[in-house]
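Okay, structure first, notes after.
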Amino acid sequence: MFSGVHTALVTPFTAGRADLEAFAALVERQIAAGIHGVVPCGTTGESSTVTDEERLGLIRTAVQTAKGRLKVIAGVGTNDTARSIANARAAAEVGADAGLVITPYYNKPTQEGLYRHCAAIAEATELPLVLYNVPGRTAVSFTVDTLDRLADLPTIVAVKEATADLQFGAEIVRRCGDRMQVLSGDDATAFPLWCVGGRGLTAVASNLVPERFVALWRAFEAGDIAEARRIHLGLLPLFAGMFWETNPVPVKTALAWATGLISAECRLPLAPLLPETEARLRALCADQKIELRA
Numbered sequence: 389m390f391s392g393v394h395t396a397l398v399t400p401f402t403a404g405r406a407d408l409e410a411f412a413a414l415v416e417r418q419i420a421a422g423i424h425g426v427v428p429c430g431t432t433g434e435s436s437t438v439t440d441e442e443r444l445g446l447i448r449t450a451v452q453t454a455k456g457r458l459k460v461i462a463g464v465g466t467n468d469t470a471r472s473i474a475n476a477r478a479a480a481e482v483g484a485d486a487g488l489v490i491t492p493y494y495n496k497p498t499q500e501g502l503y504r505h506c507a508a509i510a511e512a513t514e515l516p517l518v519l520y521n522v523p524g525r526t527a528v529s530f531t532v533d534t535l536d537r538l539a540d541l542p543t544i545v546a547v548k549e550a551t552a553d554l555q556f557g558a559e560i561v562r563r564c565g566d567r568m569q570v571l572s573g574d575d576a577t578a579f580p581l582w583c584v585g586g587r588g589l590t591a592v593a594s595n596l597v598p599e600r601f602v603a604l605w606r607a608f609e610a611g612d613i614a615e616a617r618r619i620h621l622g623l624l625p626l627f628a629g630m631f632w633e634t635n636p637v638p639v640k641t642a643l644a645w646a647t648g649l650i651s652a653e654c655r656l657p658l659a660p661l662l663p664e665t666e667a668r669l670r671a672l673c674a675d676q677k678i679e680l681r682a
């Protein structure tokens, strides 16, 4: 249902406000590159600091711009179950194809709490759900046992696995892969995860070079593992560079330089890149043959 490459889109801000016109242009750019889907209001989209009104506007803009040409997996999860349910219902109303449900951050629920949180959202809406496991951001991780339980719920269709732990990812595939798609949430370990049964990726660096991610997936799907490996290894320095400072600051800055479609503005508490990181990022873009306009 959601195999392939999905871009976790940045949220453009102009003078402190979400810029829906610029966001639509980013969606069109992804469509032109052949990307399979976009994720508005995920972590890369600064979901924790967009307002509910902005969230709905961004999701609606993605859906209306896509016009069915790619999937829209809307970030709906928060650390508040009731608010997550409201977000999921709102995303369904504006036509999102699925909702992305992150493990609740800061609360640090038990495994039973994680199960009940996700089950409550699944029971409250018919919107297909993609679970999002990113303990580096949330301080809590699903166990495979909990994912095994959740995979039995009919509207939970996939998990975005972002621990970068290949043994853990492979175990999810072994235990749950017949009932939910296992998608990588980590650019650098996506190709290895595919080799053990992963079915796609929600990517950060594809904001910048979506066509290279499409080529990577097409090579893998065609069984040309040597070509997929070549593309993957070539992208490794870029994957690392996107996390020299907190995501999405590096990718948003590079995207602003490369396209002119957006500014590099992030919302506090995120801060602009340090001057030394900017210099490193420009050098990396040059090495990756990414042309910059600014």
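The sequence shown begins at 389 in the numbering used here and counts up by one.
The C-beta atom is built at its ideal place from N, Cα and C for all residues, glycine as well.
In this text, all values refer to a predicted model and were calculated from it rather than measured experimentally.
Which residues bound the alpha helix (DSSP H) around alanine 545?
-> Locating residue 545 in the sequence shown gives position 157, where the first residue counts as 1. The amino acid at residue 545 is misidentified as alanine; the sequence shows valine. Where valine 545 is concerned, there is no enclosing alpha helix (DSSP H), although the beta strand (DSSP E) it sits in stretches over 544-549.
Below 9 Å between beta carbons: does that hold for alanine 578 and methionine 630?
-> Residue 578 sits at position 190 when you count from the first residue of the sequence shown. Residue 630 sits at position 242 when you count from the first residue of the sequence shown. Judged by beta-carbon spacing, methionine 630 lies beyond the 9 Å limit of alanine 578, meaning their Cβ atoms are not closer than that value.
In the DSSP assignment, what residue or residues form a beta bridge with tyrosine 520?
-> As a first step, residue 520 must be located in the sequence shown, where it is residue number 132. Tyrosine 520 pairs with Ile490 and Lys548.
Expressed to the nearest angstrom, what Euclidean distance is found between the alpha-carbon atoms of alanine 454 and arginine 504?
-> Taking the sequence shown and counting its residues from 1, the one referred to as residue 454 is at position 66. Taking the sequence shown and counting its residues from 1, the one referred to as residue 504 is at position 116. Rounded to the nearest whole angstrom, the C-alpha separation of alanine 454 and arginine 504 is 33 Å.
Grouping DSSP H, G and I as helix and E and B as strand, with all else coil, what is serine 651?
-> Your numbering for residue 651 matches position 263 in the sequence shown. If DSSP states are grouped into helix, strand and coil, serine 651 belongs with coil.
Between Pro542, Gly557 and Pro516, which lies nearest to valine 522 when the distance is taken from Cα to Cα?
-> Working through the sequence shown from its first residue, we reach residue 522 at position 134. Nearest to valine 522 by C-alpha distance, out of Pro542, Gly557 and Pro516, is Gly557.
Please confirm whether glycine 586 and arginine 562 have their CB atoms less than 9 Å apart.
-> Walking along the sequence shown from the start, residue 586 turns up at place 198. Walking along the sequence shown from the start, residue 562 turns up at place 174. It is not a contact, given that the beta carbons lie outside the stated cut-off.
Rounded Cβ spacing between alanine 646 and leucine 680 (contact assumed at less than 8 Å) = Position 258 of the sequence shown, counted from the first residue, corresponds to residue 646. Position 292 of the sequence shown, counted from the first residue, corresponds to residue 680. Contact between alanine 646 and leucine 680 holds, with the beta-carbon distance rounding to 6 Å and staying under 8 Å.
From this set, Leu444, Glu666 and Thr641, which residue's C-alpha is nearest alanine 479's C-alpha?
-> Start at 1 with the first residue of the sequence shown, and residue 479 comes out as number 91. When only C-alpha atoms are compared, the closest one is Leu444.
For leucine 541 and glutamine 568, the rounded distance between their alpha carbons | Mapped onto the sequence shown, residue 568 falls at position 180. Mapped onto the sequence shown, residue 541 falls at position 153. Checking the sequence, you will find methionine at residue 568 rather than glutamine. Roughly 10 Å between the two C-alpha positions.
What's the C-alpha gap between serine 572 and histidine 394?
-> In the sequence shown, counting from the first residue as 1, residue 572 sits at position 184. In the sequence shown, counting from the first residue as 1, residue 394 sits at position 6. Distance between the alpha carbons of serine 572 and histidine 394: 10 Å.
Return the Cβ separation of threonine 543 and glutamine 499 in integer angstroms, given the expectation that the two are a contact with Cβ distance under 8 Å.
-> The residue you call residue 543 lines up with position 155 of the sequence shown. The residue you call residue 499 lines up with position 111 of the sequence shown. Between glutamine 499 and threonine 543 the Cβ distance is about 20 Å, and since that is not below 8 Å, they are no contact.
Between leucine 589 and glycine 565, what straight-line distance do the alpha-carbon atoms span, to the nearest angstrom?
-> One-based indexing of the sequence shown puts residue 589 at position 201. One-based indexing of the sequence shown puts residue 565 at position 177. When the Cα atoms are used, leucine 589 and glycine 565 turn out to be separated by approximately 15 Å.
My understanding is that isoleucine 461 touches alanine 421, with C-beta atoms under 8 Å, so please give their C-beta distance in whole angstroms.
-> As a first step, residue 461 must be located in the sequence shown, where it is residue number 73. As a first step, residue 421 must be located in the sequence shown, where it is residue number 33. The beta-carbon separation of isoleucine 461 and alanine 421, rounded to 17 Å, does not stay under the 8 Å limit for a contact.
If you follow the alpha helix (DSSP H) that valine 451 is part of, which residue opens it and which one closes it?
-> Indexing the sequence shown from 1 puts residue 451 at position 63. Counted as a single uninterrupted DSSP element, the alpha helix (DSSP H) harbouring valine 451 occupies residues 440-454.
N-terminal and C-terminal residue of the alpha helix (DSSP H) that threonine 469 is part of | By one-based count along the sequence shown, residue 469 stands at place 81. Looking at the DSSP string, the run of the alpha helix (DSSP H) that includes threonine 469 is 469-481.
Roughly how many angstroms lie between the CA atoms of valine 427 and glutamate 633, to the nearest whole one?
-> Along the sequence shown, one-based indexing puts residue 427 at 39. Along the sequence shown, one-based indexing puts residue 633 at 245. C-alpha of valine 427 to C-alpha of glutamate 633: approximately 21 Å in a straight line.
Range covered by the alpha helix (DSSP H) that runs through histidine 505 = Here residue 505 refers to the residue found at position 117 when the sequence shown is read from its first residue. 499-512 is the extent of the alpha helix (DSSP H) around histidine 505.
Which class does isoleucine 461 belong to by DSSP, given the choice of helix, strand or coil?
-> By one-based count along the sequence shown, residue 461 stands at place 73. DSSP places isoleucine 461 in strand when its eight states are reduced to three.
Limits of the alpha helix (DSSP H) - the one that histidine 620 falls within | Translated into positions along the sequence shown, residue 620 becomes position 232. In the DSSP assignment, histidine 620 falls within the alpha helix (DSSP H) that extends over 613-629.
State yes or no: is the C-beta of serine 651 within less than 9 Å of the C-beta of proline 400?
-> What you label residue 651 is simply residue 263 of the sequence shown in a count that begins at 1. What you label residue 400 is simply residue 12 of the sequence shown in a count that begins at 1. Between serine 651 and proline 400, the C-beta spacing is below 9 Å.
Is the Cβ-Cβ distance between valine 438 and alanine 396 less than 9 Å?
-> Taking the sequence shown and counting its residues from 1, the one referred to as residue 438 is at position 50. Taking the sequence shown and counting its residues from 1, the one referred to as residue 396 is at position 8. Not a contact, by the Cβ cut-off of 9 Å.
Which residues in the same chain have their Cβ closer than 6 Å to the Cβ of glycine 601, if we skip the five residues on either side of it in sequence?
-> Within the sequence shown, numbered from 1, the residue matching residue 601 stands at position 213. According to the sequence provided, residue 601 is phenylalanine. The question's glycine does not apply to it. Excluding its 5 nearest sequence neighbours in each direction, phenylalanine 601 has C-beta neighbours in its own chain below 6 Å: Val393, Ala591 and Ser594, listed in chain order.
For serine 572, which beta-bridge partners are listed by DSSP?
-> Counted from its first residue, the sequence shown places residue 572 at position 184. For serine 572, which the question treats as bridged, DSSP gives the partners Glu549 and Leu589.
Taking buried to mean at least 16 other C-beta atoms within 10 Å of its own C-beta, is lysine 677 buried or exposed?
-> Along the sequence shown, one-based indexing puts residue 677 at 289. An exposed status is given to lysine 677, since fewer than 16 other beta-carbon atoms sit within 10 Å of its beta-carbon.
Distance between leucine 596 and valine 639 (C-alpha atoms, nearest Å) | Here residue 639 refers to the residue found at position 251 when the sequence shown is read from its first residue. Here residue 596 refers to the residue found at position 208 when the sequence shown is read from its first residue. Straight-line Cα distance between these residues: approximately 7 Å.
Does the beta-carbon of proline 598 have 16 or more other beta-carbons within 10 angstroms, so that it is buried, or is it exposed?
-> Start at 1 with the first residue of the sequence shown, and residue 598 comes out as number 210. By the neighbour-count definition (other C-beta atoms within 10 Å, threshold 16), proline 598 is a buried residue.
Between the CA atoms of leucine 519 and cysteine 583 - distance to the nearest angstrom | Position 195 of the sequence shown holds residue 583. Position 131 of the sequence shown holds residue 519. In this model, cysteine 583 and leucine 519 are separated by some 21 Å (Cα to Cα).
Nearest candidate by alpha-carbon position, reference aspartate 574, set Thr402, Ala614, Gly501 and Thr431 | Position 186 of the sequence shown, counted from the start, is the residue given in the question as residue 574. Across the set Thr402, Ala614, Gly501 and Thr431, the C-alpha of Thr431 shows the shortest separation from the C-alpha of aspartate 574.
In angstroms with no decimal places, state the Cα-to-Cα distance between glycine 404 and cysteine 654.
-> As a working note, residue 404 is residue 16 in the sequence shown. As a working note, residue 654 is residue 266 in the sequence shown. For glycine 404 and cysteine 654, the distance between alpha carbons rounds to 8 Å.
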